[in-house]
Amino acid sequence: MRMRSLVVGLLATGLALTACGKEVAPSGPSTTAAAATGVTVTGSPTFDRMTKAGKITIGVKEDQPGLGFRDPTTNQFSGFDIEIARLVAAKLGFDAGKINYKVVQSAGREQAIINGDVDIYVGTYTINDKRKQQVSFAGPYFIAGQSLLVRKDDSSITGKDTLKGKKVCSVTGSTPIGRIRDQQLTEPSNIVEFQGYSQCVDKLVAKEVDAVTTDDAILKGYAAQQNDLLKVVGEPFSKEPYGIGLAKDDKALRDKINDILQGALDDGTWQSTYDSTLGKSGSTATKPTLDRY
Amino acid sequence: MGVLTDNLPLFLGGFRTTVLLFAVAAVASLVFGTILAMLRVSPVPILRGLGTLYVTVVRNTPLTLVFLFFIFAYPLLEIVKLSYFTGAVVALSVYTSAFVCEVVRSGINTVPVGQAEAARALGLNFGQILGSVVLPQAIRAVAPPMMSTLIALLKNSTIAAGFSVAEAGAIRQVLSEKGENQLLALIWVAVGFILLVMVLTLVQRALEKRWSRAR
Amino acid sequence: MSNVLFDTPGPRARVRHRLYGVLGVLAVAGLVAFVVWRLADSGQFTAGKWQWLQYKQVQESLGRAVLNTVKAFALGAVLAIVFGAVFAAGRLSEHRAVRVVSAFVVELFRAIPLLILMFLFYYGLPVAGIHMTPYFAVVLGLMLYNGSVLAEVFRAGIQALPKGQSEAAYALGMRKTQVMVLVLLPQALRTMLPTIISQLVVLLKDTALGFLITYEELLNYARYIGSIYSFGPVEAPVYFYRPIVPTTIVIAAIYITLCLLLTLLANRLQRRERRSRKHISAPPQPTQAEVAAA
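Protein chains in written order, with this note's numbering: chain B, 12 to 304; chain R, 1321 to 1535; chain U, -12 to 281.
So, in structure tokens, the structure goes:
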């Protein structure tokens, strides 16, 4: 009896909550480029799969402001990566309504592509040789570099060589933390790893760690959110060319996407996309040179 | 084999931290769990209720959440600053002691009623009855389930890997940064745990044998 | 037992006990008050940190996350029970080979940490070319680990049944499989019900580990919401201030409620069981504590 009333009570509470939910009208995607028509990519199994499904599935990040971010109140995606993804999709013949976003975190990216869970992946995905053994990359469409986020009132950290004895935080299993470990930029006991960058930033604000390290593009997003508390310091100490990940054997699609990116770089679309997203933080970026292989 | 031999320091370091984490948390949960069990059979109704409340809440909370609390919410309390390792020990102890409490309590119930009655007849008070008569016998009776609880604690310690403690569960993360074969790496980690569990099982057998002779 | 541990308190003891009770309650209340005060003082209870709860989309997503947790639990539970029944029967088989293999499998999966199992399925198997979604990695891990524990529970339950049960069944001309499936297992299932349910509570809690292999369950969604500082247009952002603590509190409440519902269900079934008891008195609960762990 008690059980039943409990269930009913819970259901009622749930309903009540839903009933008073605040709704937010989703604002449409900012890129309004019309989808190209009659696109063909001969010899691309991935493209055939997309055409057959009538939609393109794009792997993205959801928790990186300015790059790949999902608004929790509308479930709309935004950011530089997302705009690039929309651009590519449009040129491949899929308008914004035919894009199926799938959130894939760093650790599962190669698998998502290999398994065919996503058609392409656009999400701070650094091109490197190790990954090229499993997947292939179009691009780069952006060049980031590993940098450091510190508290604004902390002047003791100015670059990668001043990290000794400081607590450095990053995401588990990521390239940046591996670099800190390999180059012994700080003591192993001072390396802190969590599941997400935001947890590191939380610890940074709470003064439990002294620096958060990863690509500057990501860090700038966090610095912009709390610019009274946080700053990005030092020269980037690595080159992280962001590419669009796709199946390893699909050269036809890779070439096609490279053509699309080249077109965007040439006609100014790339620049305006950058300006409307990452560029808002005030930093400028140099155009990348495509690496066709 | 290559994954193991090439990264031996990593594996050894990881498992050393795991064993350390386990040992400290085990002692802490045994002590705290026993105290909780004493609360749950105490003559004071309110204390019994508090013990029950603790056990009910903790047993129904995922360990990961307990970890989240001690790593992210606890620092806000500004009591004593805990390192991530100590935080993990506290989280594991808080969680495991609820299970230890239940094991000890079930052990207390296996001690023949006459034991406590005789102790009372001798004029011993509650603390003395429990401490000198009932608990020593109860602990012996519950060696197997207690060891299972401790084995569970050993395995649960892997969750600390998600909270910046470099124990055996974290070996995969480091090796994946290096691009090693994760399947092999994980199989070696699993083998390591099987060995540790076997050691604990042997300890349990030895204790059982010794105590059965002593009885 | 517990009531023979102490004498019935006299008037002075009662006063003393009342004092202990008051002190205990005060201590706990003080602790709780302190925690709440510190959290409030550090701004955890400001409206900004809780306003995420009022958005319709967030509520829906939260609901979906709960559903995902329940989905993993439901399939994991059913599979674990089947796995447990099969391997319990295997360990009691008359064929030595079956016994040895079953014992090996059960002991193996009881020894490997569930998290390592999930890692193995999600990160390890793709190396060997086996497709694996987070959902199946979670469900498989839950099945193998909890199934092995349940196998031991069933076995204990079957062994505790009076020998007359199987003898009578054989005398009726039943075959081995029939005896096991029709006579022994159902009874063992019933007598071990409390232990089984407490293991299912463990299983429900363990779904939270899916968060570490990117399964989109409750804890994963909490992590996402907890990661949001602000959103919306740069000119007029809406602030959530990374509500890590508030999300943890909400999620804890949901988990505890789900687990308590399961426990309540168990108690109910047990009461009904006791009322309609037709079978022989239940055995003591041998693996109660053993199972309660994990």
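Positions of the beta carbon are idealized from the N, C-alpha and C atoms, including for glycine.
Which residues mark the beginning and the end of the beta strand (DSSP E) in which residue i is found?
{"i": "Gln157 (chain B)", "result": "157 to 162"}
{"i": "Ile1449 (chain R)", "result": "Ile1449 (chain R) -> no beta strand (DSSP E), and no H or E assigned at all."}
{"i": "Val179 (chain B)", "result": "179 to 182"}
{"i": "Phe205 (chain B)", "result": "202 to 205"}
Can you pull the chain U neighbours of residue i, defined as C-beta to C-beta under 8 Å?
{"i": "Thr85 (chain B)", "result": "Gln44"}
{"i": "Gln144 (chain B)", "result": "Those do not exist, as Gln144 (chain B) stays about 12 Å from chain U at its closest Cβ, beyond 8 Å."}
{"i": "Glu73 (chain B)", "result": "Tyr211"}
Name the chain B residues whose beta carbon is nearer than 8 Å to that of residue i?
{"i": "Arg229 (chain U)", "result": "Ser209, Val212, Asp213"}
{"i": "Gln1493 (chain R)", "result": "Thr183, Gly184, Glu204"}
{"i": "Ser1468 (chain R)", "result": "None at all; the shortest Cβ gap to chain B is about 30 Å."}
Report all residues from its chain with a CB closer than 8 Å to the CB of residue i; omit the five preceding and five following residues, and keep chain order.
{"i": "Gln146 (chain U)", "result": "Leu79"}
{"i": "Leu(-8) (chain U)", "result": "none"}
{"i": "Pro1464 (chain R)", "result": "Gln1524, Glu1528"}
{"i": "Arg83 (chain U)", "result": "none"}
{"i": "Gln1435 (chain R)", "result": "Val1453, Val1454, Gln1457"}
Closer than 6 Å by C-beta to residue i: which residues in its own chain qualify, once you throw out the five before and the five after it? Chain order, please.
{"i": "Asp286 (chain B)", "result": "none"}
{"i": "Arg303 (chain B)", "result": "Asn269"}
{"i": "Ala67 (chain U)", "result": "Met130, Asn133, Gly134, Leu137"}
{"i": "Cys1421 (chain R)", "result": "Gly1353, Leu1356, Ala1357, Val1375"}
{"i": "Pro252 (chain B)", "result": "Ile138, Pro151, Ile154"}
{"i": "Arg142 (chain U)", "result": "Ala75, Arg78"}
{"i": "Thr234 (chain U)", "result": "Ala209, Ile212, Gly213"}
Tell me which same chain residues have a C-beta within less than 7 Å of the C-beta of residue i, skipping the five on either side of it?
{"i": "Val53 (chain U)", "result": "Leu205, Ile241"}
{"i": "Val1423 (chain R)", "result": "Val1462, Pro1465, Met1466, Thr1469"}
{"i": "Ala20 (chain U)", "result": "none"}
{"i": "Glu260 (chain U)", "result": "Arg177, Leu180"}
{"i": "Ala64 (chain U)", "result": "Leu187, Leu190"}
{"i": "Trp1508 (chain R)", "result": "Val1323, Leu1324, Phe1331"}
{"i": "Ser214 (chain U)", "result": "Arg229"}
{"i": "Ser121 (chain B)", "result": "Here residue 121 (chain B) is Glu; the residue named in the question, Ser, does not match the sequence. Correct list, in chain order: Arg142, Gln145, Val146."}
By the criterion of Cβ-Cβ separation under 7 Å, what are the contact partners of residue i in chain U?
{"i": "Gly32 (chain B)", "result": "Gln41, Tyr42, Lys43, Gln46"}
Give me whichever residues DSSP pairs with residue i in a beta bridge.
{"i": "Phe80 (chain B)", "result": "B:Asp74, B:Ser89"}
{"i": "Ile69 (chain B)", "result": "B:Tyr112, B:Ile131"}
{"i": "Val243 (chain B)", "result": "B:Leu160"}
{"i": "Asp260 (chain B)", "result": "Answer by DSSP bridge pairing: none, since Asp260 (chain B) is not bridged."}
{"i": "Thr224 (chain B)", "result": "B:Leu159"}
{"i": "Ala149 (chain B)", "result": "B:Ile255"}
{"i": "Lys33 (chain B)", "result": "U:Tyr42"}
{"i": "Thr137 (chain B)", "result": "B:Tyr253"}
{"i": "Phe218 (chain U)", "result": "U:Val225"}
{"i": "Ile154 (chain B)", "result": "B:Pro252"}
Along chain B, which residues have their Cβ under 9 Å away from the Cβ of residue i?
{"i": "Thr201 (chain U)", "result": "Val114, Val115, Gln116, Ala118, Gly119"}
Would you check if the distance between the CB atom of residue i and the CB atom of residue j is smaller than 8 Å?
{"i": "Pro121 (chain U)", "j": "Thr1478 (chain R)", "result": "no"}
{"i": "Ile103 (chain U)", "j": "Phe1513 (chain R)", "result": "yes"}
{"i": "Val71 (chain B)", "j": "Gln44 (chain U)", "result": "no"}
{"i": "Ile125 (chain B)", "j": "Gln145 (chain B)", "result": "yes"}
{"i": "Thr224 (chain B)", "j": "Pro199 (chain B)", "result": "no"}
{"i": "Leu78 (chain B)", "j": "Thr135 (chain B)", "result": "yes"}
{"i": "Tyr216 (chain U)", "j": "Phe227 (chain U)", "result": "yes"}
{"i": "Thr1384 (chain R)", "j": "Ala195 (chain U)", "result": "yes"}
{"i": "Leu174 (chain B)", "j": "Leu160 (chain B)", "result": "no"}
{"i": "Val1485 (chain R)", "j": "Thr1337 (chain R)", "result": "yes"}
What residues from chain R crowd round residue i, counting only those whose CB sits closer than 7 Å?
{"i": "Glu219 (chain B)", "result": "Pro1395"}
{"i": "Lys141 (chain B)", "result": "Gly1499"}
Over what stretch of residues does the alpha helix (DSSP H) that includes residue i continue unbroken?
{"i": "Phe60 (chain U)", "result": "43 to 78"}
{"i": "Asn238 (chain B)", "result": "Per DSSP, Asn238 (chain B) belongs to no alpha helix (DSSP H) and is neither H nor E."}
{"i": "Arg1440 (chain R)", "result": "1433 to 1441"}
{"i": "Asp59 (chain B)", "result": "56 to 64"}
{"i": "His4 (chain U)", "result": "-2 to 28"}
{"i": "Met167 (chain U)", "result": "Careful: Met167 (chain U) lies outside any alpha helix (DSSP H) and carries neither H nor E."}
{"i": "Val1536 (chain R)", "result": "Residue 1536 (chain R) cannot be examined here, being either before or after the span of chain R that is shown, 1321 to 1535."}
I want to verify the contact list: residues of chain B whose CB lies under 7 Å from the CB of residue i, in sequence order.
{"i": "Arg210 (chain U)", "result": "Gln206, Gly207"}
{"i": "Ser1484 (chain R)", "result": "Val203, Glu204, Phe205"}
{"i": "Ser1496 (chain R)", "result": "Gly184"}
{"i": "Ser217 (chain U)", "result": "Gln236"}
{"i": "Ser214 (chain U)", "result": "Asp74, Gly207, Ser209"}
Against residue i, what residues of chain U qualify as contacts under a CB-to-CB distance less than 9 Å, listed in chain order?
{"i": "Thr1381 (chain R)", "result": "Lys192, Ala239, Tyr242, Ile243, Cys246"}
What residues of chain R sit near residue i, judged by a beta carbon separation below 9 Å?
{"i": "His4 (chain U)", "result": "Ser1362, Pro1363, Val1364, Pro1365, Ile1366, Leu1367"}
{"i": "Gly254 (chain B)", "result": "Neighbours of Gly254 (chain B) on chain R: none; closest Cβ ~17 Å, over 9 Å."}
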